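Visitor: Provided herewith is a single structure, encoded as structure tokens, for subsequent inquiry.
Written out as structure tokens, the structure reads:
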């Protein structure tokens, strides 16, 4: 039984790292999405200013 | 139960509300600690009174409402809507004791505004408010955003079947995980992680912009809470204009847009379903409507001629438009500037963005992106149906974590809620116009209240007519709970009255 | 005869025309900076845009230093005179103030900033009002040339409110009683079961 526990532990450690790594990636992706929307808006504003001239 | 409420029903609801109030009292411990650390002894007393009142009420409910049964779906609805009102009354105690409110009604207004993450406020002399009071104001939006009911779920209802019922009625229908209590905990995990990361980035920006270290830390936490919850509160009267900083504005923009996303979306993206970020109907809907709003706003700015370069368009235009669309309410201009410095077209771009609002199952308000997506697909489907032969089967779907096929009940329900919003916006605007406010200003603030945004064009103030204050409280409450809970509450009350008292169960 | 009278009429007429065309010549420094309130500025931005103004009020919040310049917020509402924390009357608003961008050494004169604990320095700021400052991303602000501290700030006294402590003690007593009642009820219910 004790060998089973020690076998399981490194796997659990690794999955915890992977889990939080996944969360961090999630934050990056969501921030990037907002960045993309903002850039698209900036581009549109630039276009309209150009056309208005 | 709807037709003839029993004494047991009333007790069940009473006990549920008691637990919600206990939750409120427990959260008050945080501003209490902040006041102690800031040596603000009057404020410490304010919170001690508040906490004691909450605990006393909870005990009274526990004693008088001792019932063995479990909550049903309908009880849950009543506790959700009634619980908000009770939490408003008790949460207003520290506000009122601070002395910054002319009346208890004004305090309740700020409480309802905080819990519903609106952000309109009647607090006077904010620039001389204590750290404890500011902590409470901002915490209200953070906690309110996750739903005071969800708090109760996480800490007080764990293990009881009654938990499911309250959560659903809170206006959040998605279930991230099968077990509802675990769902609430997942929501908290996501929010707390963002709290750490977001506050850190804001703190760094503030330090870079010359804020002192400790005050910078407090401000960063408060600004994060205000932005993430799409509440829009800030610790100074000038709101985001106080900082005169592009970087702080940029970080808060990113925070409040992410904060306006659906929690199911966060969970999906965080746990491996990365593609959801661009497949999701609400992200698509929000992107579409905000870019359309940007076009309208830019045209308006161009015609008005005040803001000239791209930086100004972004910091004064897009920032406030996004703040409105996500129903946050942080602003980089004075309230009256929406009316005087924006021009008609740009002002209405913001009003329409507020009306449409953010994502479902988030802290945002308004019609919601999901409904806009459903209505758009429905209209498209109708057009296709007209163009197709009689025998053809035309169906539309929206992708929201999973594919949802549109059917008549779904579309009907969607339209019903949208109409409800339009009605409360319009009634609020009409009231404002009757009181003599300019129509654009009346619409701006009424839509802001009903969509839980919090931007103001100058109408909302401690001097506004009492009837408007009361109506705006109703708008914030109804808008946040998406009407279903409110209707349930009123029908329960009506049934109680019709039954002429409570029937004892044999 | 008629010829000699004409210069008498012409001179005052010419003088009046000159006065009307060049008023600054005769008003001197008075026109350079108009004494206004923030509320007046904010509600009439178009009129004051680009003009020299003087505001007098309380320095609140934080001085945010950015290289050689810094930001300060100056409030001139009723609360800047007597804040709620000092026992001031309600004025029906949160605050009215404006951001001031000034050279750092000017702002180094300010020592006390207004907030919960302190009444801030009372300052007079003279500078250019901008409706939408192009240097600062469209912010409404004042670019100050001079900042004068008229009166030093001071700590606000917050006397201990004993009545609140009494309320806490009473409520605590009620809680203890209710707690005991509740425990008794639970014990009774368990015994029945």
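Protein chains in written order, with the working numbering: chain A, 19 to 71; chain B, 20 to 525; chain C, 4 to 196. For glycine and all other residues, C-beta sits at the position ideal for the given N, C-alpha and C. Nothing here was measured: the structure is a model prediction, and the numbers come from that model.
Select from 447(B), 462(B), 469(B) the residue whose C-alpha is nearest the C-alpha of residue 486(B).
Guide: As a position in the second chain, residue 486(B) is number 467, starting the count at 1. Taking only the C-alpha atoms, the option nearest residue 486(B) is 447(B).
Visitor: Taking 8 Å as the threshold, find out whether the segment 47-62 of chain C comes into contact with the segment 126-143 of chain C through three or more Cβ pairs.
Guide: Yes, they touch.
Visitor: Please list, in chain order, the chain A residues whose beta carbon lies closer than 8 Å to that of residue 302(B).
Guide: Mapped onto the second chain, residue 302(B) falls at position 283. 51, listed in chain order.
Visitor: For chain C, check one thing: does any of its Cβ atoms lie closer than 8 Å to the Cβ of residue 143(B)?
Guide: Within the second chain, the letter at position 124 stands for residue 143(B). Yes, residue 143(B) lies at the interface with chain C (some Cβ there is under 8 Å from its Cβ).
Visitor: What residue ranges within the segment 246-278 of chain B form continuous alpha helix (DSSP H) runs of no fewer than 4 residues, ordered along the chain?
Guide: Counting only runs of 4 or more, we get 265-278.
Visitor: Does DSSP put residue 164(C) in a helix, a strand or coil?
Guide: On the third chain, position 161 is the one that residue 164(C) refers to. Three-state result, residue 164(C): coil.
Visitor: For residue 222(B), would you say it is in contact with chain A, using Cβ-to-Cβ distances shorter than 8 Å as the test?
Guide: Along the second chain, read from residue 1 onward, the residue named residue 222(B) stands at position 203. Taking Cβ atoms only, chain A never reaches closer than 8 Å to residue 222(B), which makes this a no.
Visitor: What is the rounded straight-line gap between the Cα of residue 33(A) and the Cα of residue 494(B)?
Guide: Start at 1 with the first residue of the first chain, and residue 33(A) comes out as number 15. Start at 1 with the first residue of the second chain, and residue 494(B) comes out as number 475. Going from the Cα of residue 33(A) to the Cα of residue 494(B) covers about 46 Å.
Visitor: Check residue 132(C) in the structure and name its three-state DSSP category.
Guide: Taking the third chain and counting its residues from 1, the one referred to as residue 132(C) is at position 129. Strand at residue 132(C).
Visitor: With 8 Å as the threshold, decide whether the Cβ of residue 293(B) is near any Cβ in chain F.
Guide: Reference to chain F is not applicable here, since the protein chains of this structure are A, B and C.
Visitor: State yes or no: is the beta carbon of residue 121(B) nearer than 8 Å to at least one beta carbon in chain C?
Guide: Along the second chain, one-based indexing puts residue 121(B) at 102. Judged by the 8 Å Cβ criterion, residue 121(B) is in contact with chain C.
Visitor: How many whole angstroms separate the CB atoms of residue 433(B) and residue 393(B), which I take to be in contact at a CB cut-off of 8 Å?
Guide: Your numbering for residue 433(B) matches position 414 in the second chain. Your numbering for residue 393(B) matches position 374 in the second chain. So it is a contact: roughly 5 Å between Cβ atoms.
Visitor: Is it the case that the segment 357-374 of chain B contacts the segment 285-304 of chain B, given that we only count it when at least three CB pairs across the two stretches are under 8 Å?
Guide: With the cut-off at 8 Å, the segment 285-304 of chain B and the segment 357-374 of chain B do not touch.
Visitor: Could you list which residues in chain A have their beta carbon closer than 7 Å to that of residue 11(B), in chain order?
Guide: Limits of chain B in this structure are 20 at one end and 525 at the other, which puts residue 11(B) out of reach.
Visitor: Give every residue of the same chain whose Cβ lies closer than 6 Å to the Cβ of residue 135(C), excluding the five residues on either side of it in the sequence, and list them in chain order.
Guide: Within the third chain, residue 135(C) is the residue found at index 132, counting from 1. Excluding positions up to five away in sequence, the list reads 141.
Visitor: What residue does the beta strand (DSSP E) around residue 78(C) start on, and which one ends it?
Guide: Residue 78(C) sits at position 75 when you count from the first residue of the third chain. Run containing residue 78(C): 72-78, per the beta strand (DSSP E) assignment.
Visitor: Pull up the DSSP beta-bridge partners for residue 421(B), would you.
Guide: Looking up residue 421(B) in the second chain gives position 402. For residue 421(B), which the question treats as bridged, DSSP gives the partners 419(B).
Visitor: If we define contact as Cβ-Cβ less than 8 Å, is residue 247(B) a contact residue for chain A?
Guide: One-based indexing of the second chain puts residue 247(B) at position 228. With 8 Å as the cut-off, residue 247(B) does not count as an interface residue toward chain A.
Visitor: Please compile the residues from chain B whose C-beta is within a distance smaller than 7 Å of the C-beta of residue 65(C).
Guide: Your numbering for residue 65(C) matches position 62 in the third chain. Correct list: 230, 231, 234.
Visitor: Give the single residue among 344(B), 348(B), 315(B) whose Cα lies nearest to the Cα of residue 332(B).
Guide: As a working mapping, residue 332(B) is identified with position 313 in the second chain. Of 344(B), 348(B), 315(B), the residue nearest in Cα terms is 315(B).
Visitor: Buried or exposed: which applies to residue 104(C), given that a residue is buried once 16 or more other Cβ atoms fall within 10 Å of its Cβ?
Guide: For the purposes of this step, residue 104(C) is taken as the residue at position 101 of the third chain. Under this definition residue 104(C) is a buried residue.
Visitor: Sort 297(B), 467(B), 307(B), 312(B) by Cα distance to residue 49(A) and report the nearest one.
Guide: Residue 49(A) sits at position 31 when you count from the first residue of the first chain. For residue 49(A), the nearest C-alpha among the options comes from 297(B).
Visitor: Give me the Cα-Cα distance between residue 28(B) and residue 363(B), rounded to the nearest whole angstrom.
Guide: To locate residue 28(B), count along the second chain from 1; it is residue 9. To locate residue 363(B), count along the second chain from 1; it is residue 344. Approximately 52 Å, taken between the alpha carbons.
Visitor: Nearest to residue 133(B) by alpha carbon, out of 368(B), 249(B), 202(B)?
Guide: By 1-based counting over the second chain, the position of residue 133(B) is 114. Looking at the Cα atoms, 249(B) is the closest of the given residues.
Visitor: Say whether chain C places a C-beta atom closer than 8 Å to the C-beta of residue 499(B).
Guide: Translated into the one-based positions of the second chain, residue 499(B) becomes position 480. Answer no: the Cβ-Cβ gap between residue 499(B) and chain C never drops below 8 Å.
Visitor: Taking only beta-carbon positions, decide if residue 335(B) is within less than 8 Å of chain C.
Guide: Reading the second chain from its first residue, position 316 is the one you call residue 335(B). Yes, contact with chain C.
Visitor: Span of the beta strand (DSSP E) holding residue 56(C)?
Guide: Start at 1 with the first residue of the third chain, and residue 56(C) comes out as number 53. Element bounds for residue 56(C): 55-69.
Visitor: May I have a chain-ordered list of the alpha helix (DSSP H) segments no shorter than 4 residues that lie completely inside the segment 336-368 of chain B?
Guide: You should have 338-344, 354-359.
Visitor: Given a threshold of 16 other Cβ atoms within 10 Å of its Cβ, counted over all protein chains shown, does residue 398(B) qualify as buried or as exposed?
Guide: As a first step, residue 398(B) is located in the second chain; it is residue number 379 there, counting from the start. Classification for residue 398(B): exposed.
Visitor: Can you list, in chain order, the stretches of the alpha helix (DSSP H) that have 4 or more residues and sit fully within the segment 369-409 of chain B?
Guide: The qualifying runs are 388-406.
Visitor: From 280(B), 275(B), 230(B), pick the residue whose C-alpha is nearest to that of residue 261(B); which is it?
Guide: Numbered from 1 along the second chain, position 242 holds the residue referred to as residue 261(B). Measuring from the Cα of residue 261(B), the nearest candidate turns out to be 230(B).
Visitor: Ignore the nearest five residues each way along the sequence and tell me which others in residue 49(B)'s own chain have a CB closer than 7 Å to its CB.
Guide: As a position in the second chain, residue 49(B) is number 30, starting the count at 1. Once the five neighbours on either side are set aside, the close Cβ partners of residue 49(B) are 154, 158.
Visitor: In chain order, what residues of the segment 32-60 of chain B put their CB closer than 9 Å to some CB of chain C?
Guide: If the cut-off is 9 Å between Cβ atoms, the segment 32-60 of chain B has 57, 58, 59, 60 near chain C.
Visitor: I need the boundaries of the beta strand (DSSP E) containing residue 100(C), first residue and last residue.
Guide: Counting from one through the third chain, the residue named residue 100(C) turns up at place 97. It spans 100-106 - the beta strand (DSSP E) in which residue 100(C) sits, taken as one unbroken run.
Visitor: Can you give me, in chain order, the residues of the segment 328-354 of chain B that have a beta carbon less than 9 Å from any beta carbon in chain A?
Guide: Cβ contacts with chain A come from 328, 329, 332, 333, 336, 337, 340, 341.
Visitor: When the Cα atoms are used, what is the spatial distance from residue 344(B) to residue 62(A)?
Guide: Within the second chain, the letter at position 325 stands for residue 344(B). Within the first chain, the letter at position 44 stands for residue 62(A). Taking the straight line from one Cα to the other gives about 17 Å.
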